[in-house]
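See below for the structure under consideration.
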Amino acid sequence: MVQGAFLLVHEGAEMAKRKMRKKDVVRKIALERIYRLFELAEKSFEKHPERSARYVELALKIGKRCNVSVPAELKGKFCKKCGAFLKAGMNSKIRIAKHIVKVTCLNCGYTRKINLIKLQKA
Ligand SMILES: [Zn+2]
241 MVQGAFLLVH EGAEMAKRKM RKKDVVRKIA LERIYRLFEL AEKSFEKHPE RSARYVELAL
301 KIGKRCNVSV PAELKGKFCK KCGAFLKAGM NSKIRIAKHI VKVTCLNCGY TRKINLIKLQ
361 KA
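Here is the structure:
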């Protein structure tokens, strides 16, 4: 009986550990998928721009669902407003002033400012 109780407690601790790990794994997989989707978006952009917008949409959805923010280096690659995948020199304009990168979406005209100093700290 005593032994059984010990086993139960032990199992509970193991489960808590596993739960933590599971959360980390979910986040890791979510990040991998986000990177993968952006890769796909980049590849399909020239032939199917509408498809890459869909990939961006999926990546953002995964991020939201798994509570993972889109990695900083990917933030300049899509338009926050219209959701288009942005490729420099194709449908986006990039201007750098001091430590601020301005990415303008040529689809809808929205300009996103990315602070490089903040990026480095994050
Ligand atoms: Zn846009």
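Per the working numbering, residue 241 is the first one in the sequence shown, and the count goes up by one each step. Just so it is clear, CB atoms sit at the ideal spot from N, CA and C, and this is done for glycine as well.
Rounded C-beta distance between residue i and residue j? I'm assuming under 8 Å.
i, j, result
"A270", "V308", "4 Å"
"C322", "Y350", "7 Å"
"A299", "L277", "4 Å"
"I354", "V341", "4 Å"
"S332", "L346", "6 Å"
"E320", "R352", "Strictly speaking, residue 320 in this sequence is Lys, with Glu absent from that position. At roughly 6 Å, the Cβ-Cβ gap stays under 8 Å, so K320 and R352 are in contact."
"I274", "V310", "6 Å"
"F318", "A312", "In fact, because the Cβ distance is near 13 Å, the residues do not count as touching under 8 Å."
Got a sec: does ligand 1 put a non-hydrogen atom nearer than 7 Å to the Cβ of residue i?
i, result
"A293", "no"
"A281", "no"
"A270", "no"
"A324", "yes"
"Y366", "Any property of residue 366 remains undetermined from this structure, which presents the chain solely from 241 to 362."
"N347", "yes"
"K321", "yes"
Quick one: give me the first and last residue of the beta strand (DSSP E) that residue i is part of.
i, result
"C348", "No beta strand (DSSP E) holds C348; DSSP gives it neither H nor E."
"K333", "S332 to A337"
Which residue comes first and which comes last in the alpha helix (DSSP H) that contains residue i?
i, result
"A324", "Segment: none, A324 is in no alpha helix (DSSP H) and carries neither H nor E."
"A299", "P289 to C306"
Can you tell me which residues form a DSSP beta bridge with residue i?
i, result
"F318", "F325"
"I354", "V341"
> Does the pairing of the segment 258-270 with the segment 301-317 give three or more beta-carbon distances under 8 Å?
Replying inline: Inter-segment contact for the segment 258-270 and the segment 301-317 is present: three or more beta-carbon pairs are separated by less than 8 Å.
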